[in-house]
Amino acid sequence: MTEEITPRIRGLKAYLEDAARQLRDRPPDPGGEEEGAVLYFGNWHDSHPRALLYADELGPTDKLAWMVIQANSDPKAPAGFPSYDEFGRAGLGSRPTIAAAIAMLRITRWISLCDRVRDGQGRYRGSVYAIHDEAVSVTEAMYLDPEYITYLESLADHGHRRVRETAQQVLSTIHQRLDADRDLTDPVDTGGRFERRLATLSADPAVRAAASPSGRACGAQVKEANSGERQVKNLNSVAHHRVKNLNSVDPPEENPSKTETSYQVKNLNSARARGGSSSLYKPTTTKPTSEVLEPPGARDSEEAAAELHYPESFGADHRKLADRCLQGLPADQAQQVLDEVAGAIRDRAQTDPIRNPLRYLSAVAKRARSGDFLPSYAVDAAERRRRKAEQAERERRIDQASVQQAEAQVVTVEPDANNELVQRLEKARSRSTHRSKEPRA
């Protein structure tokens with residue numbers, strides 16, 4: 017699932033993992049304060065990116081929260097994530113308001129929660145965030161933030177209306193694109209990236225508006241962040257976003273442009289700014305949660321999905337999107353589609369790699385629904401999976417037999433009742449049992 021990730025993002029991912037290791041090895045704060053780390057990806061700006069100022073998907077509080085996070089970051093090393101008090105001193109208001117602003121930044125992919133760090137004893141040490149100078153694509157968000165889709169789904173019942181509705185819009189658009197066999201990502205468009213940056217530098221408000229996520233809305237209404245009107249915010253992507261135009265009409269080539277391989281990670285602490293708002297929002301009326309998250313045609317039960325075997329490269333979020341592609345298919349046919357994708361990923365890895373497995377799966381599932389699916393890789397993939405399962409079962413039985421044999425050889429030794437230490441331990445155990453049975457006040 018990582019073929020479409022640029023070398024630069026891969027390097028940044030490695031840098032994030034190193035930041036997590038540093039946080040894990042850092043001595044605990046004597047005051048017991050929660051620790052964390054945040055890394056800024058992009059040029060170190062004297063002022064804040066104009067793309068942030070004209071990002072219609074963000075409200076004023078969200079933008080201020082981004083500025084506070086960026087102000088607390090260090091271009092040369094991971095820095096601590098701002099506390100609620102630091103956000104409050106910047107004028108963000110109450111804790112619920114601050115929490116909603118952080119949620120909006122993560123939903124719209126201006127920040128990514130990359131890791132939750134625990135020490136060797138399992139104690140929580142903090143989280144590693146990445147802050148971006150423009151919103152990253154969905155594919156990059158899923159790569160940096162492995163729980164991005166799960167997080168969006170968890171906001172279905174969020175108490176903040178704008179957070180809840182924005183998350184629903186993102187999920188709804190992802191689902192609609194999968195249902196329509198549309199790609200979630202396009203190859204990196206370097207020219208489009210610079211077009212957007214040049215447009216944000218223009219003094220003409222009309223040019224800046226055209227560069228904003230709502231500028232190509234085709235007349236759709238944009239919902240104001242603090243408005244009570246039931247207008248839906250148009251968060252469509254635009255052609256000059258840096259990575260991908262996710263709402264384009266023409267599907268892209270399966271293989272991204274070879275030019276993306278020219279990206280080199282030269283300095284991870286002060287990396288060159290890369291554009292990037294490839295927002296995935298659709299100008300559609302907000303629907304009830306049940307309509308957005310449980311559209312018609314969903315498989316009968318979660319148990320059916322749990323029994324499926326996915327390609328090894330699919331993470332939890334990719335499996336959720338794969339389930340969406342497989343809606344309406346019987347379990348056996350859905351498994352055959354998954355085997356076809358797994359086999360294609362494996363067999364074509366050296367000759368003609370599958371650059372976008374989710375799109376490939378969506379196309380195969382569409383053929384299966386129309387009756388045009390002829391398996392080619394699925395048979396071998398299913399056979400490999402069967403042999404692997406049989407091997408795992410044999411190993412499980414061997415392990416079980418070894419445990420049973422060891423247990424049969426164990427000789428139980430009764431404690432010496434006359435031993436003074438044994439007597440003291442028994443008394444202590446008796447007192448502890450007696451106290452546990454006493455009623456509590």
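Each residue of the sequence shown is one higher than the one before, counting from 17 in this note's numbering. Every residue gets a Cβ at the ideal spot worked out from N, C-alpha and C, and that includes glycine. If you're wondering where the values come from, they're calculated on a predicted model, not measured in any experiment.
Exercise. Take the Cβ of Q421 as the centre, count every other Cβ of all protein chains shown within 10 Å, and call the residue buried at 16 or more, exposed below.
Key: exposed
Quiz prompt | C-beta atoms of D396 and G359 nearer than 9 Å | solution = yes
Quiz item: With DSSP run on the structure shown, which of helix, strand or coil describes F57?
Solution: strand
Quiz prompt | Member of A417, L80, K92 whose CA lies at the smallest distance from the CA of N59 | solution = If we check each option's Cα against that of N59, K92 comes out closest.
Quiz item: Considering only residues of the stretch 126-165, which uninterrupted alpha helix (DSSP H) runs meet the minimum length of 4 residues and lie entirely inside it, listed in chain order?
Solution: Within the stretch 126-165, complete alpha helix (DSSP H) segments of at least 4 residues are found at 154-160, given in chain order.
Quiz prompt | One or two residues paired with D90 in a DSSP bridge | solution = DSSP lists A93 as partners of D90.
Quiz item: With respect to the alpha helix (DSSP H) encompassing Y70, which residues constitute its N-terminal and C-terminal limits?
Solution: Premise fails: Y70 is in no alpha helix (DSSP H) and is neither H nor E.
Self-check item: Contacts around Y140, its chain only, beta-carbon distance under 8 Å, and the 5 residues preceding and following it disregarded
Solution: E50, R132, V133, R134
Quiz item: What three-state label does DSSP hand I25 in the structure shown?
Solution: helix
Quiz item: Between D149, H191, V357, H334, which lies nearest to L55 when the distance is taken from Cα to Cα?
Solution: D149
Quiz item: Is it right to say D316 is buried, meaning 16 or more other beta carbons lie within 10 angstroms of its own, or is it exposed?
Solution: Below a pLDDT of 50, predicted positions are generally treated as unreliable, and D316, at 45, falls in that range; no measurement from the model is reported.
Quiz item: What does a CB cutoff of less than 8 Å around T166 pick up in its chain, not counting 5 residues either side in sequence?
Solution: A332, D333, K336
Exercise. Tell me whether the beta-carbon of V186 lies closer than 9 Å to the beta-carbon of A116.
Key: Taking 9 Å as the Cβ cut-off, V186 and A116 do not qualify as a contacting pair.
Quiz item: Which term fits T367, buried or exposed, when burial requires 16 or more other beta carbons within 10 angstroms of its beta carbon?
Solution: exposed
Quiz item: By Cβ distance, which residues of its chain are closer than 7 Å to D78, with the 5 residues on each side in sequence left out?
Solution: Spatial neighbours of D78 in its own chain (CB-CB distance under 7 Å, excluding positions within 5 residues in sequence) are listed in chain order as A117, M120, L121.
Exercise. Identify, in the order they occur along the chain, each residue of the same chain with its Cβ nearer than 6 Å to the Cβ of M158, setting aside the five sequence neighbours on each side.
Key: Y164, D333
Quiz item: Who are the near neighbours of I127 in its chain, counting only those whose CB is closer than 6 Å to its CB and skipping five residues on each side?
Solution: Here I127 has L121, Y145, I147 as same chain residues with Cβ atoms under 6 Å from its own Cβ, once five neighbours each way along the sequence are excluded.
Self-check item: Cβ shell of E442 (< 8 Å), same chain only, five flanking positions each side left out
Solution: For E442, where only same-chain residues beyond five positions count, there are no Cβ hits under 8 Å.
Quiz item: Using the beta-carbon count (16 or more within 10 Å), is G138 buried or exposed?
Solution: Classification for G138: exposed.
Practice problem: Along the alpha helix (DSSP H) that carries I361, what are the first and last residues, could you check? | Solution: 347-363
Practice problem: Can you say whether D101 is buried or exposed, counting buried as having 16 or more other CB atoms within 10 angstroms of its CB? | Solution: exposed
Quiz item: Among L168, G142, T189, D195, which has the Cα closest to the Cα of R383?
Solution: D195
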